[in-house]
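**Q** Chains as they are written, first to last, in this note's numbering: chain H, 3 to 185; chain F, 14 to 261.
Note that the Cβ used here is the ideal one computed from N, Cα and C, for glycine as well.
Right, I'll just put the structure down here and ask away after.
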């Protein structure tokens, strides 16, 4: 029991972020449904697509990172979130393996790929994306090939039950073992 | 395989005393004892390939790891199938297989029914440490019934052995060397143009990944059946298709 002299310890600071992915992992996160309310009792969600905050905050305890590192924005964010977080979790197959985002690596150089998608595609008007879009890196890469990663949560997307088990284990709510699997 | 003799070669596998047949492999003896050794290229009913190296085991007084599939039992042989170092070797082998091709489970016909995916899970591969190679390989969809996607091929040669040894057609073989090794049909033409193919589909049945698949299968719909070849081989050896009444 907490004595009245001491304030309750602050809740762990949890962030979620979305790099080069389709948001499917975050959809699966939202699929935690009413457990998200339970989660609020164990962690403070300080950043993510569901939080109105522009910049990735300091002193994050754990961050779920969706998506591969595929452009210069992703790269900058990857370094920033690593510097500001204690535990970095690759969240879903794109962050873990590159997955669908990295399929573009098979097409060749980014310029060749963008030309094929925008200029050669019959349903488009031949315009190429210009200055508002961040530059693509030579290859889309898994997060751990760019910054050190502490934990991996594969799946496309990881099912909500698997996310819950991982978070419960991480936050000390329940540390029973849980399965891992790509795809 | 039909056996006339009883197993009479004593070996010790993970501390269990096992009686093996004189010409039996460590893998087969372990299987009969219910000791699971991970494997990928091994396929009951075909010859030993020993290429994937996932079934490596430690054998007392031998200084290198031995593939259980290609190591014949010797009297009083002591085998260890599990150790921290073996676990680590197998894990790395699985990671190398995943890094070498383009294995994208989420868009694969065999997602959910893939031996490589199962192995990754079994061996605790939750990420791949070596750099992905992202090789550029073209899909061969020229055959009217099947597709070959070399992006998902692990060069286990199950299809090569099955086609040559069970079907007797030898459509498939490997060409090239090292990282350039790849599967070819006949003399390197498209599969649909390979005249020796009988369309039997045994290669598709035994493929451990989504490399060989039925046409028209979407993501997660392909189901292989490698046990088909073991059934065919044993039925052939035991003469199950022969009219036994007529032989009397």
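Using a Cβ-Cβ distance cut-off of 8 Å, determine whether residue 126 of chain F contacts chain H.
**A** no
**Q** Along chain H, which residues have their Cβ under 7 Å away from the Cβ of residue 195 of chain F?
**A** Within chain H, no residue comes near residue 195 of chain F; the closest Cβ sits about 15 Å away, beyond 7 Å.
**Q** Residue 210 of chain F and residue 182 of chain F look like a contact to me (Cβ under 8 Å); what is the Cβ gap, rounded to whole Å?
**A** 7 Å
**Q** Using C-beta distances below 6 Å, list every residue in its chain close to residue 68 of chain F, excluding the 5 sequence neighbours before and after it, in chain order.
**A** Exclusion of the five residues before and after residue 68 of chain F leaves 40, 50, 52, 80, 81 and 82 as the residues of its chain whose Cβ lies within less than 6 Å of its Cβ.
**Q** Within 8 Å of any Cβ in chain F, is that where the Cβ of residue 30 of chain H sits?
**A** No, residue 30 of chain H lies away from the interface with chain F (no Cβ there is under 8 Å from its Cβ).
**Q** Between which two residues does the beta strand (DSSP E) containing residue 17 of chain H stretch?
**A** It spans 15–20 - the beta strand (DSSP E) in which residue 17 of chain H sits, taken as one unbroken run.
**Q** Since residue 14 of chain H and residue 64 of chain H should fall inside the 8 Å C-beta cutoff, what is the C-beta to C-beta distance between them, to a whole number of angstroms?
**A** 7 Å
**Q** In the DSSP assignment, find the alpha helix (DSSP H) that holds residue 171 of chain H and state where it starts and stops.
**A** 162–172
**Q** Would you check if there are 3 or more beta carbon pairs closer than 8 Å linking the stretch 196–210 of chain F to the stretch 239–252 of chain F?
**A** no
**Q** Note the first and the last residue of the continuous beta strand (DSSP E) segment covering residue 161 of chain F.
**A** 159–161
**Q** Report the start-end ranges of each alpha helix (DSSP H) in the stretch 102–172 of chain H that is 4 residues or longer and not cut off at the edges.
**A** Within the stretch 102–172 of chain H, the complete alpha helix (DSSP H) runs of at least 4 residues are 112–116 and 162–172.
**Q** Would you verify that the beta carbon of residue 166 of chain F is, or is not, closer than 8 Å to some beta carbon of chain H?
**A** Proximity of residue 166 of chain F to chain H, defined by a Cβ-Cβ separation below 8 Å, is not satisfied.
**Q** Taking only the alpha-carbon atoms, compute the straight-line gap between residue 179 of chain F and residue 186 of chain F and give it to the nearest angstrom.
**A** 14 Å
**Q** Go to residue 93 of chain F, then tell me how far its beta strand (DSSP E) extends in each direction, as first and last residue.
**A** 91–93
**Q** Which word fits residue 168 of chain H, buried or exposed, when buried means at least 16 other C-beta atoms lie within 10 angstroms of its C-beta?
**A** buried
**Q** Would you mind telling me which residues of chain H sit closer than 8 Å to residue 140 of chain F, beta carbon to beta carbon, in chain order?
**A** 92, 98, 99, 144, 146, 151, 154 and 156
**Q** Under 8 Å, with one C-beta from each stretch per pair, do the stretch 31–38 of chain F and the stretch 132–149 of chain F reach the 3-pair mark?
**A** no
**Q** I need the DSSP call for residue 254 of chain F, collapsed to helix, strand or coil.
**A** Residue 254 of chain F: coil per DSSP, three-state reduction.
**Q** Measure from the alpha carbon of residue 107 of chain F to the alpha carbon of each residue in F:88, F:136 and F:99, then state which is nearest.
**A** Measuring from the Cα of residue 107 of chain F, the nearest candidate turns out to be F:136.
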